[in-house]
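Input: a single structure, listed below in structure tokens.
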Amino acid sequence: MDHDIIEATAATAGEASKTLGRLREAIETLPFFGGGKVVWFKDCNFLGDDRTAKAKDVSSGLADFASLLKTFEWAGVRLLISASKADKRKTFYKTVFKVGHAESFEALSLDDRDCQAKAEQVVASKLEALKKKADYEAV
Numbered sequence: 082m083d084h085d086i087i088e089a090t091a092a093t094a095g096e097a098s099k100t101l102g103r104l105r106e107a108i109e110t111l112p113f114f115g116g117g118k119v120v121w122f123k124d125c126n127f128l129g130d131d132r133t134a135k136a137k138d139v140s141s142g143l144a145d146f147a148s149l150l151k152t153f154e155w156a157g158v159r160l161l162i163s164a165s166k167a168d169k170r171k172t173f174y175k176t177v178f179k180v181g182h183a184e185s186f187e188a189l190s191l192d193d194r195d196c197q198a199k200a201e202q203v204v205a206s207k208l209e210a211l212k213k214k215a216d217y218e219a220v
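This note's numbering numbers the first residue of the sequence shown as 82 and each following residue consecutively.
Shown next as structure tokens:
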């Protein structure tokens, strides 16, 4: 299986537009040895509600790519997008959710007053799944 990794961190709207172009090219390029292909759009930082994401070029680029996602023939191609933030109100997110499968993994934040309890719950769940035990102080 072929795989492409596209670094999707962009400091400007111009960089974001170029990155979207590379993404389009990657999913439309057939795998070198046949079979399947995975394209990872890694660490995308312009799917949220920041200045870069609001730029006209980026908004239109994401809208164009969303249109492509709706009509693209996905046989043998998988797209993985990892992003720090994604605005669930935007068309791009809604299209990804409708066409494919979207999962959100929220990071724990020290700003959250329940952070410690949430972290303890995560650790307890993992230990239980592994059928392991740990002292309370270790957790």
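By construction, the Cβ of each residue, glycine as well, lies at the ideal position given by its N, Cα and C atoms.
Checklist entry - Per DSSP, which one or two residues make a beta bridge with residue 164? => result 125
Item to check | DSSP-derived helix/strand/coil call for residue 179 | outcome: helix
Item to check | Helix, strand or coil at residue 194 [DSSP, three-state] | outcome: coil
Next on the checklist: So, at 8 angstroms on beta carbons, what are the nonlocal neighbours of residue 199 in its own chain, with the 5 sequence-adjacent residues on each side left out?
Outcome noted: 189, 193
Checklist entry - Does the segment 84 to 102 come close enough to the segment 128 to 147 that 3 or more CB-CB pairs lie under 8 angstroms? => result yes
Checklist entry - Where DSSP assigns a beta bridge to residue 48, which residues make up the other side? => result Any question about residue 48 goes unanswered here, given that the chain covers just 82 to 220.
Checklist entry - Bridge partners of residue 88, per DSSP? => result 123
Next on the checklist: Taking 9 angstroms as the threshold (C-beta atoms), are residue 163 and residue 214 in contact?
Outcome noted: no
Next on the checklist: For residue 83 and residue 148, I'd like the C-alpha separation in whole angstroms.
Outcome noted: 24 angstroms
Checklist entry - Going by C-alpha distance, which of 86, 139, 104, 157 is nearest residue 115? => result 157
Checklist entry - Span of the alpha helix (DSSP H) holding residue 185? => result Careful: residue 185 lies outside any alpha helix (DSSP H) and carries neither H nor E.
Next on the checklist: Quick check: what's the CA-CA separation for residue 234 versus residue 146?
Outcome noted: The shown model of the chain, from 82 to 220, leaves out residue 234, and the question about it has no answer.
Checklist entry - Roughly how many angstroms lie between the CA atoms of residue 166 and residue 208, to the nearest whole one? => result 29 angstroms
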